[in-house]
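Participant: I'd like to ask you about the structure that follows.
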Amino acid sequence: MYEEKIRELEGSSAKLQAMLADIKSKELPKSIVGDGFISLKGNLSWPIDGEILTRYEKNNEIPTGTSALKSGIEIKAEPDNEAEAVAGGRVVYTDIYKGYGKVVIIDHGDGYHSLYGNLSGTSLEKGNIVIQGSRVGKPVASKTLNVPSLYFEIRYKGRPVDPMVWLQKKVKKES
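Under numbering that gives the first Met the number 0, the sequence shown has 151 at position 152, and the numbering climbs by one with no breaks.
Shown next as structure tokens:
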């Protein structure tokens, strides 16, 4: 059963990669994208506060170059916390996506997208323009991890990249 679930997720990840690669970005206002998504590398705000439950891990043995289980990170969420957009852009997808649950995908221009999965719902619709910090949706209890968590990816031209190198470094709190 577990192997079947992995194959299903790998297939969904490959389809997602193809879908994002085919999206033709519409021009985004400079007031939304600023100097471009690439200029934000290492400085993106976190999509939600919480402990990292699973980390990104590139797996080159899968023909698509992706691993559906580790194409992003899973962040534990407090019950009432809501995920927020890490940067400005345009919503290009909001619906259930097999293996990801309810998903919102934001196009940040120049081939960059952020994906927010495992949501209970969202008020965003395809075509909405968002700014950094816009509410994306509330995470629900993950079926595999059994706690409320947000699944988060960053993709470039459809391929997943390690979101940890894009997000601000978390400062450890001293006791």
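Just so you know, even glycine gets a beta-carbon here, dropped at the ideal spot from N, CA and C. Since this is a predicted model, take the numbers as computed values, not measurements.
1) Just the C-alpha distance for S119 and G35, rounded to the nearest angstrom, thanks.
2) Hey, which unbroken runs of the beta strand (DSSP E) at 3 residues or more fall wholly within the segment 85 to 147?
3) For Y150, which residues from the same chain have a beta carbon less than 7 Å from its beta carbon, with the 5 sequence-adjacent residues on both sides left out?
4) Can you give the Cα-Cα distance for R89 and T121, rounded to whole angstroms?
5) Using CA coordinates, which residue listed in V135, A76 and K29 is at the minimum distance from S113?
6) Between the Cα of E83 and those of K137, K69 and S148, spot the shortest distance and give me the residue it belongs to.
7) How is I74 classed by DSSP in three states: helix, strand or coil?
8) Between G49 and the rest of its own chain, which residues show a CB-CB distance below 6 Å, the 5 nearest in sequence each way excluded?
9) Around the Cβ of S38, are there at least 16 other Cβ atoms within 10 angstroms (buried) or fewer (exposed)?
Facilitator: Here's the rundown:
1) 30 Å
2) 88 to 96, 100 to 108, 111 to 118 and 134 to 136
3) G71, E73, Y99, G116 and N117
4) 14 Å
5) V135
6) K137
7) strand
8) I74, K75 and A76
9) exposed
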